[in-house]
Every structure is written in C-alpha cells, then in structure tokens.
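Here is the structure we will look at.
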Amino acid sequence: MLPEVLAVYVGLLGESGNNPASTHAGGLRALSHLDDAKRMISRCLDCSVDEIVFTSGGTESINLALLGSAAAIGRRPKRALATTGEHDAVIETMKALSEKYDFDVDFVAVTHEGVVDRNALRSALEEAPCGIASFIVVSNETGAINDVSTLTSLVRQYSPEAIIHGDIVQVCGKMPFSFRRSGLDLASLSGHKFGAPKGTGVLLKRKNSPLSPIVYGGGQQKNLRSGTENVPGAYALALALQSHVMRMDEQREHVASLRSLFLRSIDALRIPRVVISPDGASPYVLSIAFPGIRGETLLNALSEENIYISTGSACGSKRAGENHVLSAMGHDKETILSAVRISFAPTQSTDDVEHLVRRIAELYDRYAMHGKRRGGARG
Amino acid sequence: MRVADQFENVRELLLVRIGEITLKGLNRGRFVARLISNMKRRINDLGEFSIVQSHSRIWIHALSGNPPMQEVARRLSSVFGIVSISPAIEFESDWGILVRVVEEYAADVLAGAGRRTFKFETKRVDKSFPLSSYEVSSELGAILLEKFPEQLSVLMHEPDLTFHVEIREKTYIYHETIPGHAGLPVGMSGRGMLLLSGGIDSPVAGYMMASRGMILEAIYFHTFPYTSQKALDKVEKLVRILSRFAGRIAFHVVDFTDIQLELNDKVPQDMLTIVMRRVMMRVAEKLAIERNAKALITGESLGQVASQTAEALMTTDIVVDLPIFRPLIGMDKNDTVALARKIGTFETSILPYDDCCTVFVSKHPKTHPSLYDAERAEARIDVEAIVEAACEKISTKLIDLTFDEGD
C-alpha cells in the first residue's frame with residue numbers, strides 16, 4: 001500500500017460514525033469524502049461521478065456487471081461473448097450465466113500474441129447477435145493490450161444493443177484510460193492492484209446501461225449495491241489511483257526500462273528463454289518461459305529469499321501445466337510448465353532486477369533438468 | 001444448561017465399548033491397560049478423569065471440573081480399540097428420581113427437534129428394583145407421550161430415538177452411540193516406518209497399520225525447490241491428522257534434492273522412478289532400524305501406476321530386509337478414497353502440490369523392469385554413499401495430537 005494512502009486511510013478508519021447515510025455531522029463528513037473520492041476517480045478515468053459504484057474488489061465488480069446485466073437483459077438476446085484470455089473472475093461468472101441463467105456463452109479465441117482475434121470475434125457475431133460481451137483490456141497473464149474501442153465498435157456493428165463490459169483491473173494507474181471514449185458500458189477495477197487497501201473496487205456503469213443489483217438491502221449507491229459504503233476504502237482507492245495517474249508517464253517509463261534491462265541481462269547471461277508476452281505489451285507484467293526448469297521450481301527457490309514471482313499456472317488451485325490463457329495462445333504444456341510471470345513495479349530499482357537475473361542464472365545452472373546455459377557453469 | 005447440572009447427584013459419564021480386545025484371553029489385561037493409557041493421553045488436557053474397566057466396558061467419569069463430555073467422546077472415538085461410545089448420565093436407582101431425570105433428559109434431546117418416533121429399552125441388572133424392565137419401559141414411555149404429545153410417537157421397530165435405561169447399583173440413561181474405529185490399541189504391535197508421499201494412499205496405509213496397534217513413524221523425501229514448502233506443510237498436516245488416531249508420530253524429513261539431481265544425471269530416464277524408490281526404501285530401512293521399527297509401511301496398490309506392478313514391487317522389495325507392510329495392495333482405489341474421506345485425510349491429500357514423484361517422472365517409465373534392469377541402472381551410482389548421504393540429511397519433528405483442525 002502506498003504510504004501516503006495508508007496514513008489517510010488509517011485516519012479515516014478512526015473517525016466515528018462515518019456512515020454517509022446518516023444526517024449528523026459525522027455522516028455528512030463521510031458523504032463528502034465519498035463525493036471527493038468520486039470526483040478524483042472521475043478525473044482519473046474520464047467518467048462521470050454518477051457512473052461510479054464502489055464494490056469490494058475486481059471480482060465483485062465483474063460479478064455485478066455480468067450477473068446484473070443478465071438479470072436486466074430484457075429483449076436482448078440471451079447470448080454472451082467473452083474471450084479465452086479472460087481472468088477467472090469473468091470465465092467463472094460466464095459459466096454461471098450459462099448454467100444458471102440459461103445464456104448461450106461463447107469464448108472467442110485469442111491470437112498467439114494474446115489479443116482478441118478480431119476475425120474470430122467477427123464470425124462469432126455473424127453467427128448470432130449477442131446481449132452481453134466482455135473483454136479483458138490488459139491481460140493479467142501476459143500484459144497483452146486489446147484496443148478496446150475497436151472491439152466495442154465491432155460488437156456494435158452486429159449487436160447495437162449489446163451491453164459491453166471491460167476488465168480494466170490491469171489498466172488503472174498504469175496506462176491512460178478514458179471510460180467515455182472506450183465505448184464500454186461497464187468496467188471493473190480493483191483497488192489493491194494500485195496500492196489501495198484490499199477489499200476495495202469500483203464498477204463503472206454508463207448511465208443508460210441496464211443493471212440489476214446482486215446484493216439487496218438498504219438501497220445504497222442508487223440501489224445498485226446495497227450495504228453501508230466503505231468510506232475509508234473508497235477514499236483510499238481514489239487517492240491511490242490519483243497518485244499513480246499523476247506520475248503515470250514517469251512510472252511507466254521506469255517500469256519499461258526495468259523490463260528491458262531484465263531481458264537484456266537474461267540474454268547477456270545466455271539463459272535460454274521464450275518471451276510469451278507480445279511486443280507492445282504492458283511493461284508491468286512479463287510472461288516468460290525458461291525451458292529446462294519448471295516455473296514452480298524457480299518460484300519455490302526465489303520465494304525463500306522473499307522474491308515473489310508467479311508461475312504460468314497461477315494459483316495453487318490448479319494442476320501444473322494448466323493455464324487457460326497460455327494454452328489459448330497456443331503454447332504447449334512444456335512451455336507453460338516452464339513459464340513464470342514477473343511483475344515490474346515503480347518501486348523496484350535496476351539493482352533489484354540485476355539481482356533477480358543473477359539468481360535466475362544460478363538457479364538455472366543448479367536445477368535445470370535439461371538444457372544448459374551456453375557457456376554456463378554446468379555447460 | 002446440561003441435564004446433570006439441574007439435579008444433585010446426577011453425573012455425566014461415557015460408556016465405552018471395546019470389541020476385539022475382550023477376546024484376548026490371558027493378554028487382555030495388557031491390552032486394556034494400554035488402551036486406557038492411550039485414552040488418558042487423548043483427553044488429559046480436558047480435565048481429570050476416572051477410567052475404569054468393568055462389565056466388558058470402560059466407564060469414564062470426570063473427577064474434577066466440568067469437562068465437555070461430548071468433546072471427550074469425540075476425541076476418544078478416534079482411539080483404536082474402542083468400538084463405540086455412549087454419553088450417559090448416572091444417578092441413584094430410585095423410581096421417582098428416574099422419572100424426573102428422564103423428563104429433563106427427553107426435553108434436552110427434543111429441544112428444537114421436529115416429530116420423532118421413540119422407544120425405551122430397559123436392562124434391569126439390580127433385581128431388587130421394584131419394577132420389571134418391561135414395566136419401566138412402558139411407564140416411562142407413557143409419561144413422555146403425555147409430556148410431549150406434539151413431538152413424540154411410539155415405534156418399536158427402528159425408531160428415531162431409543163432411550164436406554166440400565167438399572168444397576170446406579171441407574172444410567174443414554175440414547176446416542178458414537179461409533180469408534182475399533183482395532184487394537186496403538187503400542188501393542190511394535191513400530192512401523194511409514195513412507196509418506198502426500199498422496200491419498202500412504203496416509204490410509206498408515207491408518208490401517210496403526211489400527212492394528214502399530215506405533216507410527218513417518219518419513220518424507222523433500223526435494224526443494226522442485227517441490228514447495230507448501231508440499232512439505234501438506235505432508236506435515238497429513239501426519240497431524242494421522243496423529244489423531246495413532247498418537248504422537250515422529251516425522252522424518254529427508255533433504256533429497258542433491259540425491260535426486262545425481263540420480264537424474266546418472267540413471268537412465270526410463271528407470272529413474274524405480275531407482276529413486278529403491279534408494280528411498282534403503283534410506284527408510286536404515287532409519288527404521290535405527291529407530292527400532294520392525295517394518296516399513298507403504299501405500300502401494302498392485303498395478304495402480306507403473307512403479308507398482310508386480311515386477312516393479314519386486315525390484316524395490318528386494319533391496320531391504322525388513323518386511324514391507326502394504327495394507328492397500330489388493331484394495332480398489334474407490335475403497336481407499338472412501339477410507340481417506342472417513343479419516344479426514346482426503347481433502348488435504350488432493351491439494352495440488354507436486355511431490356517428487358510427479359516432478360521427476362519420466363514420460364515412458366519401464367513398467368516391467370527386471371532385477372537386471374534395476375541393477376544395471378544403478379551401475380553408475382554409488383548406492384551405499386548415496387544412502388549414507390541421505391541419512392545425514394534427515395531432520396525429525398515430533399507431531400503431537402491435535403484436535404483443533406477441521407474434521
């Protein structure tokens with residue numbers, strides 16, 4: 001969490017009676033914090049303050065967007081489209097639409113570069129119109145960037161009434177984003193991805209897009225998300241977002257230089273590698289495979305020294321060698337098993353990156369089951 | 001408020017039934033003494049108890065404090081040697097008291113319940129009691145019917161509730177019978193060294209041998225960083241679950257990474273698993289002998305995987321002299337899974353952390369290796385030195401009984 005955000009957040013947690021629905025002084029102060037938060041967010045993401053719904057995180061935002069749209073689908077076709085590059089939160093919610101809400105759900109292919117295959121999308125739309133569409137804007141696995149306004153235009157050519165949702169979790173604070181110009185009706189984001197507390201998120205909802213609540217109660221947030229607002233969380237989210245957006249260009253440049261330093265150093269040490277992230281991907285995440293050593297082995301060894309990377313088959317809940325995004329991009333099981341995902345952050349230094357690369361080289365020499373560094377120690 | 005707290009001179013107790021042990025003839029005293037000492041260790045943090053064997057049962061009274069007898073019963077239900085347990089209450093043999101206690105007891109059982117069928121079963125050992133057992137049952141039944149007309153109706157054949165009344169020197173009431181895991185008390189059948197992998201089978205094999213009275217020790221081969229700390233934590237959790245049945249278990253972890261790397265370098269790929277298992281067996285045996293264990297225990301089941309064909313088992317069996325107990329050898333996987341669920345290891349076993357067998361597995365292992373294949377595969381390694389080195393890298397931890405983790 002950003003230190004300046006933490007201080008404000010903790011201060012707000014200590015304020016008594018901060019229920020924005022109350023009419024006493026504390027309540028009014030809470031209400032004004034909530035309004036301030038919305039104003040900050042609206043400036044950062046180019047949306048209106050009326051388009052902001054606070055949630056408990058990306059997953060809840062996505063569930064509200066997709067399940068809430070399905071419940072309000074009206075005369076639109078009960079068909080939903082997403083891509084094979086989506087995050088589990090979208091994939092699993094789409095499955096629920098199919099199993100419990102009687103929707104036809106299709107997952108459109110991604111290319112080897114990890115972006116939505118426009119031809120596949122076009123033919124899916126030609127097949128039948130859709131009522132809901134959902135796209136990940138920046139892939140959490142590879143950093144691949146979809147040109148979202150092109151995708152929304154394409155969908156509207158065939159299904160003008162479709163409700164279109166964007167997963168912008170990996171976008172916020174990392175690259176410029178305009179909700180107004182995206183063509184999206186709904187967009188989901190998560191606070192803790194940019195230094196706000198865990199348990200905070202936002203759903204952006206265009207004014208006329210139909211949406212039913214999935215949580216019922218006191219009718220807060222225009223009855224779209226009942227339950228007393230988490231004012232400290234909302235305010236901290238807005239503050240963290242603003243802080244990143246203000247420094248976005250310089251941070252992005254720094255992160256991009258770290259990423260290219262990493263790749264240069266890997267090559268200088270002749271560690272065999274396959275870069276999975278496509279050219280032009282977000283510099284914040286790099287998907288890369290080191291053939292010969294399992295991603296899991298690197299992760300285990302590095303985590304012992306408090307360096308945290310992820311494997312291609314994220315989350316302990318999955319079997320080794322399974323990664324729906326990398327498989328959808330056409331990578332084989334061996335590559336997926338040896339894939340890791342490295343996150344670059346503005347707080348890291350070139351020393352950090354050089355240290356990481358040296359450790360990867362040492363671990364490769366010691367633990368690679370086959371394949372050798374050219375000129376490496378065991379070579 | 002518990003029923004016993006509402007009356008003076010009414011006490012809670014547990015009636016524990018012991019099965020096989022009662023058939024042990026002259027050795028019976030030793031079996032019972034071991035069982036009682038195992039029981040005491042399982043509950044001594046909950047209070048002070050008197051545990052006495054008489055009338056082919058074990059009777060447990062709390063001596064001090066007010067321990068939760070349901071919790072005591074739950075813990076004891078996993079002690080091998082116990083067939084079943086009934087939480088009961090005990091009071092003076094007197095008709096007037098019996099009626100009042102039965103009314104309260106039934107009120108307690110029926111609180112919040114819907115309609116229930118019931119009957120009484122009375123056993124009168126003390127023939128000086130004025131009513132016959134038939135009279136006691138029918139009188140008490142009538143009283144309860146009058147008191148709970150909305151909730152109770154009589155059913156003689158398989159009712160929902162059977163209230164048992166036993167009139168001895170004192171009178172006892174119970175209605176619940178908690179099944180135990182039977183078997184023999186741990187400690188009556190020597191010590192066994194269980195090779196644990198983290199999968200479904202090996203914990204079940206350990207459970208089965210402990211149920212025959214074996215003290216368990218467990219050995220795990222850790223290949224960090226190929227396998228994670230989480231994989232080791234998972235195996236330790238399995239040991240912890242087993243300790244609910246088997247009591248304290250010495251858990252030995254072998255740092256196996258260097259050996260695994262050497263094997264990977266020097267052994268033909270299609271024989272890697274077999275050689276690895278031969279090395280593991282030798283290490284386990286060396287440790288077992290040091291620890292005074294009389295057998296090795298594995299979860300192997302004939303034909304389940306390539307390394308468990310008759311030929312493969314023969315090639316691993318032959319490198320050790322201690323007997324290898326394989327209680328699952330002829331079992332169907334479904335039955336093993338059912339047992340794993342029953343003892344509570346299944347959910348932990350299926351957590352998806354790789355063990356060394358899956359990381360270092362060859363794509364096409366030899367399924368029918370000959371002894372010659374195995375010996376030739378070991379030609380380029382110094383087996384004795386490797387086993388020696390592995391034994392140098394063992395760390396041991398005592399895993400004690402725990403009851404807090406989910407059942």
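As they're listed, the protein sequences go chains A and B. Residue 19 in the numbering used here sits at position 19 of the first sequence, and the numbers go up by one each step. Residue 84 in the numbering used here sits at position 84 of the second sequence, and the numbers go up by one each step. Cβ coordinates follow ideal geometry from the N, Cα and C atoms, glycine included.
So which residues on chain A does residue i lean against when the C-beta distance must stay under 7 Å?
| i | result |
| --- | --- |
| B:Asn264 | Met369 |
Please check if any C-beta of chain B sits within less than 7 Å of the C-beta of residue i.
| i | result |
| --- | --- |
| A:Ala301 | yes |
| A:Thr335 | no |
| A:Ala314 | Any answer about A:Ala314 is weak, because its pLDDT of 46 lies below 50 and its placement is not dependable; what the coordinates show is given next. Cβ-Cβ to chain B under 7 Å: no for A:Ala314. |
Closer than 8 Å by beta-carbon distance: list the chain B residues that pair up with residue i, in chain order.
| i | result |
| --- | --- |
| A:Thr311 | The premise fails here: A:Thr311 is roughly 10 Å from chain B at the closest Cβ pair, so nothing lies under 8 Å. |
Any beta-carbon of chain A closer than 7 Å to the one on residue i?
| i | result |
| --- | --- |
| B:Tyr207 | no |
| B:Pro225 | yes |
| B:Ser228 | yes |
Where do the N-terminal and C-terminal ends of the beta strand (DSSP E) with residue i fall, by residue?
| i | result |
| --- | --- |
| B:Glu92 | 82-92 |
| B:Gly96 | No beta strand (DSSP E) holds B:Gly96; the alpha helix (DSSP H) holding it covers 95-110. |
| A:Gly26 | Unbroken run through A:Gly26 is the alpha helix (DSSP H), 25-45; no beta strand (DSSP E). |
| A:Gly201 | 201-205 |
| A:Leu2 | Note, A:Leu2: premise wrong, no beta strand (DSSP E); not H, not E. |
| A:Gly137 | Just to set this straight, residue 137 of chain A is Val in the shown sequence, not Gly. Segment: none, A:Val137 is in no beta strand (DSSP E) and carries neither H nor E. |
| B:Ala62 | 57-62 |
| A:Arg341 | 339-343 |
| B:Arg116 | 116-124 |
| B:Lys170 | 170-174 |
Where does residue i sit, in a helix, a strand or coil, going by DSSP?
| i | result |
| --- | --- |
| A:Gly367 | Checking the sequence, you will find Tyr at residue 367 of chain A rather than Gly. Three-state result, A:Tyr367: helix. |
| A:Thr84 | coil |
| A:Arg359 | helix |
| B:Ser153 | strand |
| B:Asp207 | The displayed chain sequence assigns Tyr, not Asp, to residue 207 of chain B. Three-state result, B:Tyr207: helix. |
| A:Met246 | helix |
| A:Glu15 | coil |
| A:Asn263 | What sits at residue 263 of chain A in the sequence shown is Leu, not Asn. In the structure shown, A:Leu263 sits in a helix (DSSP, three-state: H, G or I). |
| A:Asp106 | strand |
| B:Arg376 | helix |
| B:Leu398 | strand |
| B:Asp335 | helix |
| B:Met214 | coil |
| A:Gly58 | helix |
| A:Phe194 | helix |
| B:Met193 | strand |
In chain B, which residues lie less than 7 Å from residue i when you measure between Cβ atoms?
| i | result |
| --- | --- |
| A:Thr297 | Pro225, Tyr226 |
Where do the ends of the alpha helix (DSSP H) carrying residue i lie?
| i | result |
| --- | --- |
| B:Ser137 | 133-147 |
| B:Lys234 | 229-246 |
| A:His324 | 324-328 |
| B:Thr257 | 257-266 |
| B:Met188 | Run containing B:Met188: none; DSSP gives neither H nor E here. |
| A:Leu121 | 118-127 |
Is any non-hydrogen atom of the ligand MN found closer than 6 Å to the C-beta of residue i, if you look at the structure I gave you?
| i | result |
| --- | --- |
| B:Leu76 | Summarising the ligand content, the structure contains no ligands, and the ligand MN is consequently not present. |
Query raised in the report: Would you say the region 154-161 of chain A touches the region 96-106 of chain A, given that touching needs at least three Cβ pairs under 8 Å?
Result: Judged by Cβ distances under 8 Å, the region 154-161 of chain A makes no contact with the region 96-106 of chain A, as fewer than three pairs qualify.
Query raised in the report: At a cut of 8 Å, does the region 283-294 of chain B reach the region 386-397 of chain B through at least three beta carbon pairs?
Result: With the cut-off at 8 Å, the region 283-294 of chain B and the region 386-397 of chain B touch.
Query raised in the report: Does the pairing of the region 205-217 of chain B with the region 1-19 of chain B give three or more beta-carbon distances under 8 Å?
Result: No, the region 205-217 of chain B does not touch the region 1-19 of chain B.
Query raised in the report: Between the region 208-223 of chain B and the region 159-177 of chain B, are three or more C-beta pairs nearer than 8 Å?
Result: Counting C-beta pairs closer than 8 Å gives fewer than three between the region 208-223 of chain B and the region 159-177 of chain B, which falls short of the contact rule.
Query raised in the report: For the 8 Å Cβ check, are there 3 or more pairs between the region 138-157 of chain B and the region 85-104 of chain B?
Result: Touching, per the Cβ criterion.
Query raised in the report: Three or more C-beta pairs closer than 8 Å, one from the region 70-84 of chain A and one from the region 126-136 of chain A: is that the case here?
Result: The region 70-84 of chain A vs the region 126-136 of chain A: in contact.
Requested in this report: Please determine if the region 110-118 of chain B and the region 185-199 of chain B are in contact, where contact requires at least 3 C-beta pairs separated by less than 8 Å.
Outcome: Touching, no, given that fewer than three Cβ pairs across the two stretches are closer than 8 Å.
Query raised in the report: With contact counted as at least three CB pairs below 8 Å, one residue from each stretch, are the region 57-64 of chain A and the region 36-47 of chain A in contact?
Result: In this structure the region 57-64 of chain A does not touch the region 36-47 of chain A; the number of beta carbon pairs closer than 8 Å is below three.
Report task. Specify whether the region 299-310 of chain A and the region 257-271 of chain A touch according to this definition: at least 3 beta carbon pairs, one from each stretch, less than 8 Å apart. Result -> Counting C-beta pairs with one atom in each stretch, the region 299-310 of chain A and the region 257-271 of chain A have fewer than three that are closer than 8 Å, which means they do not touch.
Query raised in the report: Does the region 232-246 of chain A come close enough to the region 192-207 of chain A to have 3 or more Cβ pairs within less than 8 Å?
Result: Touching, yes, given that three or more Cβ pairs across the two stretches are closer than 8 Å.
Query raised in the report: Is the region 285-301 of chain B touching the region 183-191 of chain B, taking contact as three or more C-beta pairs under 8 Å?
Result: Yes: at least three Cβ pairs fall under 8 Å.
Query raised in the report: Does the region 221-235 of chain A come close enough to the region 177-185 of chain A that 3 or more CB-CB pairs lie under 8 Å?
Result: The region 177-185 of chain A is not in contact with the region 221-235 of chain A.
Query - the region 285-298 of chain A contacting the region 10-22 of chain B, beta-carbon criterion three pairs below 8 Å - result: No: the two stretches stay apart, fewer than three of their Cβ pairs being nearer than 8 Å.
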